[in-house]
Ligand code: NAD
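In the numbering used here, the protein residues as written are 1 to 260.
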């Protein structure tokens, strides 16, 4: 299926690894020019080289910096001739006990996982509407639908973003701009491996033991892949998805047990 987005420009935040990288790969495969960001330049340049090696003719630009800062966002936006597609992403907040989180911990989580995507939408949505076309995909978490107790910072910040998007998405779609959220369940990325390593250490078990148990607990019997995540993102960014907006799409192998 031709996604109909060849030659568009996308800003894909936090994309040197994991889900952001999966989204960038899927978009580059469709001939979309990308600006990818991450904090560390080395992994970012390695990813850019992989994307260029796909040989689709898409331009790949890199911006090293923290997307959760005003400077990081300004540099990312400046590198993109025009943002037709925005994929919002950043690292997730650490797990813990809510009794240990002070105001600074909350502000950091809100900055990265709620206010940064809102700031970036604020920067791009009006020009998108003026041009009559745009796509925004926010990477959030399955925790928005099924909160995970130790991830309270994530549950809170991402739910705030979700509420905001629900209102904005209805204001932009009439002028060709859709805004949707992708909610990952367990995906095989560095973040998941770090979380499992922590759980393994705490319980005195091996990491592969913990991983196998988690795979078994999922109805699909496995973790998702960044490629699968990227494919869903590319479809939401496609020419065919103009009637889909304000949605929260779970990608979790069926782990969420509800009917809706
Ligand atoms: P990952 O650790 O594999 O990759 C994160 C990427 O983001 C890296 O490229 C890193 O350099 C970049 N990054 C992190 N913080 C950044 C910042 N402030 N500025 C710029 N770049 C930054 O993580 P992932 O698994 O791809 O997760 C992506 C998002 O999805 C995270 O918010 C995570 O909490 C969420 N999530 C992931 C899963 C999962 O199973 N992998 C599940 C639920 C939610």
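We treat Cβ as the ideally placed atom computed from N, Cα and C, and that holds for glycine.
| Item | Value |
| --- | --- |
| Local Cβ density within 10 Å of residue 78, reported as buried at 16 or more and exposed below that | exposed |
| Three-way DSSP call (helix, strand, coil) for residue 197 in this model | helix |
| Contact test: residue 141 Cβ vs the ligand MG heavy atom, cutoff 7 Å | This structure simply doesn't include the ligand MG; it includes the ligand NAD instead. |
| Contact set for residue 240: own chain, Cβ-Cβ below 6 Å, skip 5 residues either direction | none |
| Of the residues 34, 42, 154, the one placed nearest residue 95, counting alpha carbons only | 154 |
| Residue 129 versus residue 213: straight-line alpha-carbon distance, rounded | 47 Å |
| Pair within 8 Å by beta-carbon distance, residue 8 and residue 126 | no |
| Contact under 8 Å by Cβ, residue 145 with residue 183 | yes |
| Residues near residue 157 by beta carbon distance below 6 Å, same chain, minus five either side | 109, 110, 113, 114 |
| Rounded separation between residue 26 and residue 100 - CA only | 39 Å |
| CA nearest to the CA of residue 230, picked from 189, 55, 200, 67 | 189 |
| Chain-order list of residues whose beta-carbon lies under 6 Å from that of residue 255 (same chain, five-residue window excluded) | 185, 218 |
| The ligand NAD heavy atom lying under 7 Å from the CB of residue 248 | no |
| 8 Å Cβ shell around residue 236 - same chain, five flanking residues per side excluded | 135, 137, 178, 180, 182, 244, 249 |
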